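Using this note's numbering, the letters of the sequence shown map in sequence onto residues 10 to 329. To start, the structure itself, in structure tokens.
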Amino acid sequence: MGEVTASAPGKCILTGEHSVVYGLPALAVAIDMRAKATVKPYEKGKALIQAKQFNKKICLPLTADRNIIVESDLQPIYTSIINTLKLLRIKDGVEVLIDSSIPDASGLGSSAAVAVATVKAVSEFFGIHLKENEISSLSFESEKIVHGSPSGIDNTVSVYGGGILFRKGRIIKVKIPGNIPLIIGDTLKKRNTGGMVSRVRENYLKYTGIFKPILTAIGRISLQAKKFLEAADLSKLGELLNINQALLESLGVSTIELEKLVYAAREAGAYGAKLTGAGGGGCIVALAPSDISQNIASKISEAGGRAYITQITDIGVRIE
Ligand code: MEV
Numbered sequence: 010m011g012e013v014t015a016s017a018p019g020k021c022i023l024t025g026e027h028s029v030v031y032g033l034p035a036l037a038v039a040i041d042m043r044a045k046a047t048v049k050p051y052e053k054g055k056a057l058i059q060a061k062q063f064n065k066k067i068c069l070p071l072t073a074d075r076n077i078i079v080e081s082d083l084q085p086i087y088t089s090i091i092n093t094l095k096l097l098r099i100k101d102g103v104e105v106l107i108d109s110s111i112p113d114a115s116g117l118g119s120s121a122a123v124a125v126a127t128v129k130a131v132s133e134f135f136g137i138h139l140k141e142n143e144i145s146s147l148s149f150e151s152e153k154i155v156h157g158s159p160s161g162i163d164n165t166v167s168v169y170g171g172g173i174l175f176r177k178g179r180i181i182k183v184k185i186p187g188n189i190p191l192i193i194g195d196t197l198k199k200r201n202t203g204g205m206v207s208r209v210r211e212n213y214l215k216y217t218g219i220f221k222p223i224l225t226a227i228g229r230i231s232l233q234a235k236k237f238l239e240a241a242d243l244s245k246l247g248e249l250l251n252i253n254q255a256l257l258e259s260l261g262v263s264t265i266e267l268e269k270l271v272y273a274a275r276e277a278g279a280y281g282a283k284l285t286g287a288g289g290g291g292c293i294v295a296l297a298p299s300d301i302s303q304n305i306a307s308k309i310s311e312a313g314g315r316a317y318i319t320q321i322t323d324i325g326v327r328i329e
């Protein structure tokens, strides 16, 4: 047996994080940062996992309780291997090498992309072609172990690629009109999605009557944002990003570091900017005319962030 490599993209939520957990729509796109998983044969009953970006290598049993908790960085890889082999009723061992260009724990869907690429590479290594929805469900299982009670948006976008309006597991493909640069600003502060989702849940339970209309408004932003995105009306889409950011702040998930990057981008001429992902650290996304993207990236760096200019990609999970 030779080896098989699969890759899957990271994601950027344009609007609707957190409210999506409450069954409201969110708008997200796949971005051209990818996680790669390469699978090779290994000793029966064992998985050798190597994650280049964490500089980690570990050998784990495949016969253990499938919900076994390992180091959090390696959890999506391990759980995805176990669940895929279980579904395929395969007892052979595998070596899985992960190489990801998606910054981890920063809101860009790195754990989901790693899980999706792993499921695809492991199944194809044994000659099984899983359908996209099967890859997404298997990856969702590992997302639940990593993040608690996620909505499933990250694994969905990573599997299908492109733009997606996501609501309660239902997906509507969004037409992306040409090249739209997304400027990402990373605060370099790691954060924990499960923790941020729990924080919002606590506030929601405390102030339900106040939080419900905020979440509903964010859901409405996503429906409107889909229309502006499809019409390539980036200026209005940017305004919606700004409104969404204010509402996210009211949910308690923004931070001073995120706000600094948001304001740096806006002051440099972005149409709009907001945190993306769970908040509490991680990244912002800014929308701007292409000719000033580089300048916005520089201003983000001056404000203490690490900037990336990314593009939306239509390419979901695939074999390399
Ligand atoms: C995580 O990328 C976005 C959140 O809405 C959580 C989720 O949807 O699972 C904060």
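We put the CB at the ideal spot given by N, CA and C, even for glycine. Owing to the predicted nature of the structure, the values given are computational and were not obtained by experimental measurement.
For residue i, the first and last residue of its enclosing beta strand (DSSP E)
i	result
Ile181	Arg179 to Val183
Arg176	Gly172 to Arg176
Lys283	Gly281 to Thr285
Lys20	Val13 to Thr24
Ser81	No beta strand (DSSP E) contains Ser81, which DSSP labels as neither H nor E.
Ile99	Unbroken run through Ile99: none, as it is neither H nor E.
One or two residues paired with residue i in a DSSP bridge
i	result
Lys65	Ala60
Ile321	Ile40
Val326	According to DSSP, Val326 bridges with nothing at all.
Pro70	Lys55
Gly194	Ile293 and Ala316
Leu106	Thr47 and Gln59
Ala35	Phe175
Spatial neighbours of residue i in its chain, beta-carbon cut-off 6 Å, leaving aside the 5 residues before and after
i	result
Val155	Gln84, Pro85 and Ser120
Phe134	Val13 and Val48
Gln59	Lys66 and Leu106
Val166	Lys20, Ala37, Ala39 and Ile173
Tyr51	Leu57, Gly102, Val103 and Glu104
Arg176	Pro34
Gly340	Nothing about residue 340 can be reported from this structure: the residues present for the chain run from 10 to 329 only.
Ala44	Ala17, Ser109, Ile111, Ala122, Val123 and Ala126
Val329	The displayed chain sequence assigns Glu, not Val, to residue 329. Here the set comprises Thr14 and Ser16.
Ser132	Thr93 and Leu139
Gly228	Ser28, Leu33 and Pro34
Given residue i as reference, the closest of the options once Cα atoms are compared
i	options	result
Ser151	Glu133, Lys235 and Ser89	Ser89
Ala122	Asp41, Gly313 and Glu211	Asp41
Leu147	Ala17, Leu96 and Ile227	Leu96
Asp163	Asn304, Val29 and Ala15	Val29
Lys198	Asn142, Ser263 and Val209	Ser263
Ser299	Lys283, Ala255, Thr319 and Lys215	Thr319
Glu143	Pro159, Gly157, Val125 and Ser160	Val125
Ser16	Thr217, Ser81, Glu80 and Thr127	Thr127
Gly93	Val79, Gln62 and Lys140	The sequence shown places Thr at residue 93, not Gly. Thr93 has its Cα closest to that of Lys140, out of Val79, Gln62 and Lys140.
Asn201	Gly157, Leu270, Glu329 and Gly161	Gly157
Ser259	Pro159, Gly161 and Ile219	Ile219
Ala130	Ile91, Lys153 and Asn64	Ile91
Ser226	Thr217, Leu256 and Lys269	Reading the sequence as shown, one finds Ala at residue 226 and not Ser. For Ala226, the nearest C-alpha among the options comes from Leu256.
Leu246	Gly11, Ile22 and Asp82	Ile22
Leu267	Asp242, Gly228, Arg327 and Gly314	Gly314
Residue i, enclosing alpha helix (DSSP H) - first and last residue
i	result
Asp163	Ile162 to Tyr169
Gly228	Thr217 to Glu239
Gly247	Leu243 to Leu260
Ile144	Glu141 to His156
Glu311	Ser302 to Glu311
Ile132	Rather than Ile, the amino acid found at residue 132 in this sequence is Ser. Where Ser132 is concerned, the enclosing alpha helix (DSSP H) stretches over Ser119 to Phe134.
Ile265	Ile265 to Glu276
Neighbourhood of residue i by C-beta distance below 8 Å, restricted to the same chain and skipping five residues each side
i	result
Gly171	Val38, Ala39, Lys182, Val183, Ile185, Ile321, Thr322, Asp323 and Gly325
Ser249	Contrary to the premise, residue 249 reads as Leu rather than Ser in this sequence. For Leu249, where only same-chain residues beyond five positions count, the Cβ hits under 8 Å are Thr24, Ile230, Gln233, Ala234, Phe237 and Gly281.
Ala316	Ile192, Ile193, Gly194, Asp195, Ile305, Ala306, Ser307, Ile309 and Ser310
Ser244	Tyr280
Pro190	Ala297, Ser299, Ser302, Ile318, Thr319 and Gln320
Asn212	Phe220, Leu260 and Gly261
Arg208	Gly261, Val262 and Gly289
Phe63	Asp82, Leu83 and Asp113
Gly161	Ser145, Phe149, Glu152, Phe175 and Gly178
Interface flag, residue i vs chain D, CB-CB below 8 Å
i	result
Gly32	Chain labels in this structure do not include chain D; a single protein chain is all it has.
Contacting residues, own chain, Cβ-Cβ under 7 Å from residue i (five flanking each side not counted)
i	result
Gly54	Pro70, Leu71, Thr72, Lys100 and Gly102
Gly116	Thr285, Gly286, Ala287, Gly291 and Cys292
Ile252	Ile230
Pro112	Ser119 and Asp195
Met205	Val262, Ala287, Gly288 and Gly289
Ala312	Lys269, Leu270 and Ala273
Check: residue i C-beta below 7 Å from any heavy atom of the ligand ATP
i	result
Ile22	Absence of the ligand ATP from the depicted structure is noted, with the ligand MEV being the only ligands included.
query = Counting Cβ pairs, one atom from each stretch, are 3 or more of them under 8 Å apart for the segment 271-281 and the segment 295-313?
reply = yes
Stretch pair the segment 230-239 + the segment 173-189: three plus CB contacts closer than 8 Å = yes
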